[in-house]
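Asker: Sharing a structure, written as structure tokens. Questions coming.
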Amino acid sequence: DAKTTQPPSMDCAEGRAANLPCNHSTISGNEYVYWYRQIHSQGPQYIIHGLKNNETNEMASLIITEDRKSSTLILPHATLRDTAVYYCIVRVDSNYQLIWGAGTKLIIKP
Amino acid sequence: NAGVMQNPRHLVRRRGQEARLRCSPMKGHSHVYWYRQLPEEGLKFMVYLQKENIIDESGMPKERFSAEFPKEGPSILRIQQVVRGDSAAYFCASSPPELAGADTQYFGPGTRLTVL
Chain A
457 DAKTTQPPSM DCAEGRAANL PCNHSTISGN EYVYWYRQIH SQGPQYIIHG
507 LKNNETNEMA SLIITEDRKS STLILPHATL RDTAVYYCIV RVDSNYQLIW
557 GAGTKLIIKP
Chain E
98 NAGVMQNPRH LVRRRGQEAR LRCSPMKGHS HVYWYRQLPE EGLKFMVYLQ
148 KENIIDESGM PKERFSAEFP KEGPSILRIQ QVVRGDSAAY FCASSPPELA
198 GADTQYFGPG TRLTVL
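For the record, the sequence lines run as chains A and E.
Residue numbering for the first sequence is 457 to 566, as defined by the working numbering.
Residue numbering for the second sequence is 98 to 213, as defined by the working numbering.
If you want it as structure tokens, here you go:
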């Protein structure tokens, strides 16, 4: 079973920041937080991952709370093309299996 | 740098036929993973392979399903005697060899199998 809890759906206005929460209260010290997204009918796309520090790349920012029990993925300026299902996954560094939950369906509205 | 390639993108089979799904990993990647996704669900791990080796097939059904990753050529997921319940999207992912499977996985576009 997935070790993460995400809201099933969210809306966001185009051009605004989209903040997607994820709870992972049972995360272990050696488990990373990964984010992927899946645009309709496409393969999952890697977004970002982190262990305990906040991370930023060209796609998004990842904010992990100090106790690591939750995190937030931030898309700073959402566009219509960001409409997708976003998956938050916790993963032990040495474990290749990605355990997928149901994700959050993010709808960007014009 | 081409991404993970999968073919065919869509495959239709009748019950009892065989389905062969192909995956070419990204250049320089030697680890391949197969996942299955049913409609409205997340992906489920099936098998992890390196060249000529099956590392973990714990997510594969015990019968009718097999996977290989030969020294030359793509990885193949083979489903014999397909049934309607095999209808799903099958995704392949690959990762580079440096971290022995723990590195970021990059996914292909998937093969959508429909069993009539």
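Beta carbons are placed, not taken as given, at the ideal position from N, Cα and C, and that holds for glycine.
Return helix, strand or coil for G139/E, following the three-state DSSP convention.
Answerer: Taking the second sequence and counting its residues from 1, one reaches residue 139/E at position 42. Coil.
Asker: Hey, which unbroken runs of the alpha helix (DSSP H) at 4 residues or more fall wholly within the stretch 516-560 of chain A?
Answerer: List check, alpha helix (DSSP H) in window: nothing returned.
Asker: Can you say whether G559/A is buried or exposed, counting buried as having 16 or more other CB atoms within 10 angstroms of its CB?
Answerer: Position 103 of the first sequence, counted from the start, is the residue given in the question as residue 559/A. Classification of G559/A: buried, given that the 10 Å Cβ count is 16 or more.
Asker: Under 8 Å Cβ-Cβ, which residues of chain B neighbour L213/E?
Answerer: Looking for chain B here will not work: the only protein chains present are A and E.
Asker: What does a CB cutoff of less than 7 Å around G156/E pick up in its chain, not counting 5 residues either side in sequence?
Answerer: Within the second sequence, residue 156/E is the residue found at index 59, counting from 1. So the qualifying residues of the chain are K141, F142, M143, V144.
Asker: Start and end of the beta strand (DSSP E) containing Q501/A?
Answerer: Start at 1 with the first residue of the first sequence, and residue 501/A comes out as number 45. Looking at the DSSP string, the run of the beta strand (DSSP E) that includes Q501/A is 501-506.
Asker: Note down the Cα distance separating V489/A from P194/E, rounded to an integer number of angstroms.
Answerer: In the first sequence, residue 489/A corresponds to position 33, counting from 1. In the second sequence, residue 194/E corresponds to position 97, counting from 1. Cα to Cα, V489/A sits roughly 21 Å from P194/E.
Asker: Quick one: grab the DSSP three-state call for F181/E.
Answerer: In the second sequence, counting from the first residue as 1, residue 181/E sits at position 84. Rather than Phe, the amino acid found at residue 181/E in this sequence is Arg. Looking at R181/E - three-state DSSP - the assignment turns out to be helix.
Asker: Closer than 9 Å by beta-carbon distance: list the chain E residues that pair up with A558/A, in chain order.
Answerer: Working through the first sequence from its first residue, we reach residue 558/A at position 102. Using a Cβ-Cβ cut-off of 9 Å, A558/A is close to E137, E138, G139 of chain E, given in chain order.
Asker: What is the DSSP secondary structure of G198/E, counted as helix, strand or coil?
Answerer: Indexing the second sequence from 1 puts residue 198/E at position 101. Note that G198/E has pLDDT 46, beneath the 50 cutoff, so the model's placement of it is unreliable and no number is given.
Asker: To which residues of the same chain is G207/E closer than 7 Å at the C-beta, ignoring the five residues directly before and after it?
Answerer: On the second sequence, residue 207/E is found 110 positions in, with the first residue counted as 1. Contacts found: Q103, A186, Y187, F188.
Asker: Relative to the C-alpha of P500/A, which residue among L536/A, A540/A, A469/A, I563/A is closest?
Answerer: Numbered from 1 along the first sequence, position 44 holds the residue referred to as residue 500/A. Of the listed residues, the one whose Cα sits closest to P500/A is A540/A.
Asker: Who are the near neighbours of S163/E in its chain, counting only those whose CB is closer than 7 Å to its CB and skipping five residues on each side?
Answerer: Mapped onto the second sequence, residue 163/E falls at position 66. Contacts found: R175.
Asker: Go to S465/A, then tell me how far its beta strand (DSSP E) extends in each direction, as first and last residue.
Answerer: One-based indexing of the first sequence puts residue 465/A at position 9. First-last of the beta strand (DSSP E) with S465/A: 465-469.
Asker: Taking only the alpha-carbon atoms, compute the straight-line gap between G198/E and S192/E and give it to the nearest angstrom.
Answerer: Here residue 198/E corresponds to residue number 101 of the second sequence, with the count starting at 1. Here residue 192/E corresponds to residue number 95 of the second sequence, with the count starting at 1. Annotation note: pLDDT 46 at G198/E (below 50); position unreliable, coordinate value reported separately. About 7 Å.
Asker: Counting Cβ pairs, one atom from each stretch, are 3 or more of them under 8 Å apart for the stretch 517-526 of chain A and the stretch 105-119 of chain E?
Answerer: no
Asker: For Q177/E, is the classification buried or exposed, using 16 other Cβ atoms within 10 angstroms of its Cβ as the cut-off for buried?
Answerer: In the second sequence, counting from the first residue as 1, residue 177/E sits at position 80. With fewer than 16 other Cβ atoms from the protein chains shown falling within 10 Å of its own Cβ, Q177/E counts as exposed.
Asker: Specify the secondary structure class of S484/A as computed by DSSP and reduced to three states.
Answerer: The sequence position of residue 484/A within the first sequence is 28, counting from 1. Residue state, collapsed to three classes: coil.
Asker: For I520/A versus N510/A, is the C-beta distance shorter than 8 Å?
Answerer: Counted from its first residue, the first sequence places residue 520/A at position 64. Counted from its first residue, the first sequence places residue 510/A at position 54. Yes.
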